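Okay, so here's the structure we're looking at.
Numbering (the numbering used here), first residue to last: 407 to 553.
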């Protein structure tokens, strides 16, 4: 919800969303929320039309062990990793950030952790798909992950 506050009409946007965003920008200096590059609006639109619906589907799908989860989350993880890496690289070029804002206790930690989760998810989903396909095709899996 936080990243998507720009999509809320002012008439229905809760005040707490604006307050949290104001505090966040003042604390971390995240330019994406006050002076974003032109491509960032595409990333937030992608979050609205892809990340949000997939996440709503994925949580119960994970609970019920839906066999489509590894493929869906592999695509999600790769897309998330690429867009987060782009944001991280851009953020590291912002000269106005203090070392704390740029470091692991600031934006570097937030974007870096999100990137790490995306990469871990991609590797995990690839390993799951490798085991499934190897079993179906009677070939040796590349990964050693047990399902």
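Glycine included, C-beta positions come from ideal geometry on N, C-alpha and C. Since this is a predicted model, take the numbers as computed values, not measurements.
Per-residue DSSP class, three states only, for residue i
i, result
"residue 476", "helix"
"residue 507", "helix"
"residue 500", "coil"
"residue 427", "helix"
"residue 550", "coil"
"residue 521", "helix"
"residue 410", "coil"
"residue 541", "helix"
"residue 488", "helix"
"residue 515", "helix"
"residue 470", "coil"
"residue 528", "helix"
Spatially closest choice to residue i from the options, by CA coordinates
i, options, result
"residue 445", "546, 474 and 490", "490"
"residue 473", "548, 539 and 545", "539"
"residue 457", "422, 436, 420 and 485", "485"
"residue 494", "520, 504 and 530", "520"
"residue 430", "476, 411 and 452", "411"
"residue 506", "499, 500 and 514", "514"
"residue 447", "497, 546, 502 and 409", "409"
"residue 492", "443, 536, 415 and 423", "443"
"residue 500", "421, 441, 413 and 415", "441"
"residue 529", "477, 423, 428 and 414", "477"
"residue 488", "463, 517 and 537", "517"
"residue 535", "463, 439 and 475", "475"
"residue 554", "437, 428, 417 and 425", "Outside the shown range of the chain, which is 407 to 553, sits residue 554, and nothing can be said about it."
"residue 526", "480, 543 and 510", "480"
Cβ-based burial, residue i [other Cβ within 10 Å; buried from 16]
i, result
"residue 466", "exposed"
"residue 450", "buried"
"residue 461", "exposed"
"residue 432", "exposed"
"residue 483", "buried"
"residue 524", "buried"
"residue 512", "buried"
"residue 508", "buried"
Item to complete: Pick out the complete alpha helix (DSSP H) segments inside the stretch 429-465, 4 residues or longer, and give them in chain order.
Response: 446-452
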